[in-house]
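*Asks:*
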Amino acid sequence: MTRSQQYPHLFMITIILILLSINSVPSISAHFFHSNVSIPEDLLKNATSNPWSFFHQLSGCHAGEKYDGLAKLKSYFQYFGYIPNSLSNFTDDFDDSLESALRTYQQNFNLNITGQLDDQTVNHIVRPRCGNPDIVNGSSSMNSGKTHNTSSSHVHTVSHYSFFTGMPRWRKQALTYAFLPGNQLTDEVKTVFSRAFDRWSTVIPLTFTQADSINAADIGIGFYSGDHGDGEPFDGVLGTLAHSFSPPSGQFHLDGDENWVVTGDVRTSSLTTAVDLESVAVHEIGHLLGLGHSSVEESIMYPTISSRTKKVELADDDIQGIQVLYGSNPNYNGSSTTSVQEKETGSSGAHRLRSRWDLIGLIMAFGFVLLLL
Ligand SMILES: [Zn+2]
Ligand SMILES: [Zn+2]
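Taking mature numbering (1 follows the signal peptide of the UniProt record, and there is no 0), I'd label the letters of the sequence shown as residues -30 to -1, 1 to 343.
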């Protein structure tokens, strides 16, 4: 008589455990990290829609005429550098300054250069985006500032990466980063930033290590709501998502009112305003390292990103640009895809965890079998 015949209940438990370890593992579904949990209630905004969706009403407006809301659009263009700061007291007239801003904007984003508020342009203007300007002091870092402009023919073989004025960069290779203590971020969220830093350190000889003190760290990461003291207030859900400063500032600010997706597949999120945290983090780290915006739509440094979109893989344009500043990581194999490809799918984290639980379950089941023999 075997032990399993003597103790049929133990035998059954073992079988059940083995089955559980294979089929009923805990799975992770996408969830939303609301970074504003640590921000006092009275500071929270109740914005639930894109602050720029209003611009849809301006589609079809013509030069030389007057429309309610054009002054607001001019403020938008000024914020991102398309209308000089010397101009103020905007009117609702569709004047030359607006037409010029539109042309430059269309050129930078590879749109048809019409100088008009056509649907294609308006649909692009309302997209969520990085809060850093595309043009600083009249100097464009995108298509419009390039002498070898190819936007009209839509040829993307020319590099479009850009730098801040004076090409500032870090003068050391071992950088540290820390999080704003008041945000009380979970390890899960911090891991997203770690992955984002890894994408850059794969191609350049810099290292990024998490530190405890935000004051002592080279790069300080914080989620803020609305006005947060640097003259660049955040605007609630969508609109501007984050902004960051050139070296050696190291300030990395994210809009605490966004619906940041930390795990799972952002593309299948039920929330239309879901924004992928890692995608935005990879972009902002590009700024922190010295890159400006790029007109290459596939690049990480392209200024806009739609909600429910994941874009975390460095494009050749990003890699060429950052390697001009820092050189290549000696271990980098020259491929823009192989080193980070496994991190591309949103569900990969869940798969990894599931594998771990499979292993633990199997070990437990094996232990029970040993006990029975
Ligand atoms: Zn940006
Ligand atoms: Zn800020």
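Every residue, glycine too, gets a C-beta built ideally from N, C-alpha and C.
Computed from a prediction, not measured in an experiment: that's the story for all the values here.
Which runs of the alpha helix (DSSP H) at least 4 residues long sit entirely within the stretch 120 to 182? Give them in chain order.
*Replies:* Fully enclosed alpha helix (DSSP H) runs of 4 or longer: 157 to 171.
*Asks:* Assign residue 94 to one of three DSSP states: helix, strand, or coil.
*Replies:* As a first step, residue 94 is located in the sequence shown; it is residue number 124 there, counting from the start. Correct three-state label for residue 94: helix.
*Asks:* Do you know offhand how far residue 177's Cα is from residue 258's?
*Replies:* Start at 1 with the first residue of the sequence shown, and residue 177 comes out as number 207. Start at 1 with the first residue of the sequence shown, and residue 258 comes out as number 288. If I take the Cα positions, the gap works out to 14 Å.
*Asks:* Return yes when at least one heavy atom of ligand 1 lies under 6 Å from the C-beta of residue 102, else no.
*Replies:* The residue given as residue 102 occupies position 132 in the sequence shown. Yes, since a heavy atom of ligand 1 falls inside the 6 Å radius drawn around the Cβ of residue 102.
*Asks:* Would residue 140 and residue 217 qualify as a contact pair, given that the criterion is a beta-carbon distance under 7 Å?
*Replies:* Locating residue 140 in the sequence shown gives position 170, where the first residue counts as 1. Locating residue 217 in the sequence shown gives position 247, where the first residue counts as 1. Their beta carbons are under 7 Å apart, which means residue 140 touches residue 217 by this criterion.
*Asks:* Answer yes or no: the CB of residue 202 versus the heavy atoms of ligand 2, is any distance below 6 Å?
*Replies:* Indexing the sequence shown from 1 puts residue 202 at position 232. Checking every heavy atom of ligand 2 against the Cβ of residue 202, one is found closer than 6 Å.
*Asks:* For residue 209, which three-state DSSP category applies?
*Replies:* Residue numbering aside, residue 209 sits at position 239 when the sequence shown is read from its first letter. DSSP places residue 209 in coil when its eight states are reduced to three.
*Asks:* Per DSSP, what kind of secondary structure is residue 71 in: helix, strand or coil?
*Replies:* Mapped onto the sequence shown, residue 71 falls at position 101. DSSP places residue 71 in helix when its eight states are reduced to three.
*Asks:* Can you tell me which of the three DSSP states residue 256 falls into?
*Replies:* Translated into positions along the sequence shown, residue 256 becomes position 286. If DSSP states are grouped into helix, strand and coil, residue 256 belongs with the helices.
*Asks:* State the DSSP-derived secondary structure class of residue 263, mapped to helix, strand or coil.
*Replies:* For the purposes of this step, residue 263 is taken as the residue at position 293 of the sequence shown. Coil at residue 263, not helix or strand.
*Asks:* Give the single residue among 100, 76, 144 whose Cα lies nearest to the Cα of residue 115.
*Replies:* The residue labelled residue 115 in the question sits at position 145 within the sequence shown. The option with the nearest alpha carbon to residue 115 is 76.
*Asks:* Tell me whether residue 44 is buried or exposed, calling it buried when 16 or more other Cβ atoms sit within 10 Å of its Cβ.
*Replies:* What you label residue 44 is simply residue 74 of the sequence shown in a count that begins at 1. Buried: at least 16 other Cβ atoms inside 10 Å.
*Asks:* Go ahead and label residue 143 buried or exposed: buried means 16 or more other beta carbons lie within 10 angstroms of its beta carbon, across all protein chains shown.
*Replies:* Locating residue 143 in the sequence shown gives position 173, where the first residue counts as 1. It counts as exposed.
*Asks:* Given residue 99, which residues of its chain have a CB within under 6 Å of its CB, disregarding the five upstream and five downstream residues?
*Replies:* Translated into the one-based positions of the sequence shown, residue 99 becomes position 129. These residues qualify, in order along the chain: 273, 274.
*Asks:* Give every residue of the same chain whose Cβ lies closer than 8 Å to the Cβ of residue 96, excluding the five residues on either side of it in the sequence, and list them in chain order.
*Replies:* For the purposes of this step, residue 96 is taken as the residue at position 126 of the sequence shown. For residue 96, where only same-chain residues beyond five positions count, the Cβ hits under 8 Å are 20, 22, 23, 25, 26.
*Asks:* Counting pairs of beta carbons, one from the stretch 205 to 225 and one from the stretch 242 to 252, are three or more of them closer than 8 Å?
*Replies:* Touching, yes, given that three or more Cβ pairs across the two stretches are closer than 8 Å.
*Asks:* Specify, as a first and last residue, the run of the beta strand (DSSP E) that residue 224 falls within.
*Replies:* Within the sequence shown, the letter at position 254 stands for residue 224. Residue 224 -> beta strand (DSSP E) spans 221 to 225.
*Asks:* Answer yes or no: the CB of residue 253 versus the heavy atoms of ligand 2, is any distance below 6 Å?
*Replies:* Numbered from its first residue, the sequence shown carries residue 253 at position 283. No, ligand 2 has no heavy atom inside 6 Å of this Cβ.
*Asks:* Helix, strand or coil for residue 408 per DSSP?
*Replies:* Absent from the model: residue 408. The displayed extent of the chain is -30 to 343, so no value can be given.
*Asks:* If I measure Cβ to Cβ from residue 56 and keep anything under 6 Å in the same chain, skipping five residues before and after, which residues do I get?
*Replies:* Stepping through the sequence shown from its first residue, residue 56 is reached at position 86. The answer is none, since no qualifying residue turns up.
*Asks:* Tell me whether residue 257 counts as near ligand 2, meaning its Cβ is closer than 6 Å to at least one heavy atom of that ligand.
*Replies:* Counting from 1 along the sequence shown, the entry for residue 257 is found at position 287. Result no, Cβ not under 6 Å from ligand 2.
*Asks:* In its own chain, which residues sit with a C-beta less than 8 Å from the C-beta of residue 41, not counting the 5 before and 5 after it?
*Replies:* Counting from one through the sequence shown, the residue named residue 41 turns up at place 71. Here the set comprises 60, 61, 62.
*Asks:* List the DSSP bridge partners of residue 229.
*Replies:* In the sequence shown, the residue the question calls residue 229 occupies position 259. For residue 229, which the question treats as bridged, DSSP gives the partners 244.
*Asks:* Which value, in whole angstroms, describes the spacing of the CA atoms of residue 28 and residue 54?
*Replies:* Counting from one through the sequence shown, the residue named residue 28 turns up at place 58. Counting from one through the sequence shown, the residue named residue 54 turns up at place 84. Residue 28 and residue 54: Cα-Cα distance of roughly 22 Å.
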